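As structure tokens, the structure follows; a few thoughts come after it.
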Amino acid sequence: MSTSTPQIILVATDADEVFDGIDAALADSTTQVERVTAGREVLAAVRRLAPALVVLDLQIGNMGGVATCMGLRNEESFGRIELQNILILLDRSADVFIAGRAGADGWLIKPLNSLRLRKAVQQILSGGTYTEGDADPLETDPVGTAADPVTIETA
Numbered sequence: 165m166s167t168s169t170p171q172i173i174l175v176a177t178d179a180d181e182v183f184d185g186i187d188a189a190l191a192d193s194t195t196q197v198e199r200v201t202a203g204r205e206v207l208a209a210v211r212r213l214a215p216a217l218v219v220l221d222l223q224i225g226n227m228g229g230v231a232t233c234m235g236l237r238n239e240e241s242f243g244r245i246e247l248q249n250i251l252i253l254l255d256r257s258a259d260v261f262i263a264g265r266a267g268a269d270g271w272l273i274k275p276l277n278s279l280r281l282r283k284a285v286q287q288i289l290s291g292g293t294y295t296e297g298d299a300d301p302l303e304t305d306p307v308g309t310a311a312d313p314v315t316i317e318t319a
């Protein structure tokens, strides 16, 4: 009989209902869900736990999910931590742009459901991405991309 170490998913949220939903959807014999409740705790937890995935709530106490994601990416760029798989939980579709700019591997727009959450986790852990909403507002903004050219006449 072989025993394997479960993969760890680190969840950073100060909202009990968000953590409880993620834990219920993902925890099983192959997956252990761990929690921190503040953005400033994430880096130390990443170093200690070596998670397969870091899930960041957009609002995490004193340091938001976007700033935490950027901090992790900065640590990676200096070789101080291994490359992390990062999923950000957004409050609204308007937050999609900042999640993309922060370098997240994926994002979900709340409210969450277990089917979307499991799909996002599976895709990210398989080396892919999972996104919802439009990550580049300029691509869909007719003013930004489809404006008529301006002609200037000279005398």
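Whatever position you read off the sequence shown (first residue = 1), add 164 for the working numbering. Using N, Cα and C, we set each Cβ at its ideal position, and we do this for glycine too. None of these values were measured; they are calculated from a predicted model.
Those residues which DSSP pairs with residue i across a bridge
{"i": "residue 221", "result": "253"}
{"i": "residue 359", "result": "Any property of residue 359 remains undetermined from this structure, which presents the chain solely from 165 to 319."}
{"i": "residue 200", "result": "176"}
Exposure of residue i, with buried meaning 16 or more beta-carbon neighbours within 10 Å
{"i": "residue 277", "result": "exposed"}
{"i": "residue 194", "result": "exposed"}
{"i": "residue 199", "result": "buried"}
{"i": "residue 188", "result": "exposed"}
{"i": "residue 169", "result": "exposed"}
{"i": "residue 279", "result": "exposed"}
{"i": "residue 183", "result": "buried"}
{"i": "residue 284", "result": "buried"}
{"i": "residue 308", "result": "Residue placement at residue 308 is flagged as unreliable, the pLDDT there being 40, under the threshold of 50; a coordinate-derived value is accordingly withheld."}
{"i": "residue 270", "result": "buried"}
Start and end residues, beta strand (DSSP E) containing residue i
{"i": "residue 272", "result": "270–273"}
Residue span of the alpha helix (DSSP H) that contains residue i, given as start and end
{"i": "residue 286", "result": "278–289"}
{"i": "residue 181", "result": "180–190"}
{"i": "residue 231", "result": "229–241"}
{"i": "residue 208", "result": "206–213"}
{"i": "residue 216", "result": "Per DSSP, residue 216 belongs to no alpha helix (DSSP H) and is neither H nor E."}
{"i": "residue 109", "result": "Beyond the ends of the chain as shown, which are 165 and 319, falls residue 109; an answer cannot be given."}
Kindly confirm or deny that the stretch 239–259 and the stretch 204–216 touch, where touching means at least three C-beta pairs closer than 8 Å.
-> yes
Is the stretch 196–210 in contact with the stretch 281–299, if contact means three or more CB pairs nearer than 8 Å?
-> Taking a cut-off of 8 Å for Cβ pairs, the stretch 196–210 and the stretch 281–299 do not touch, as fewer than three such pairs fall below it.
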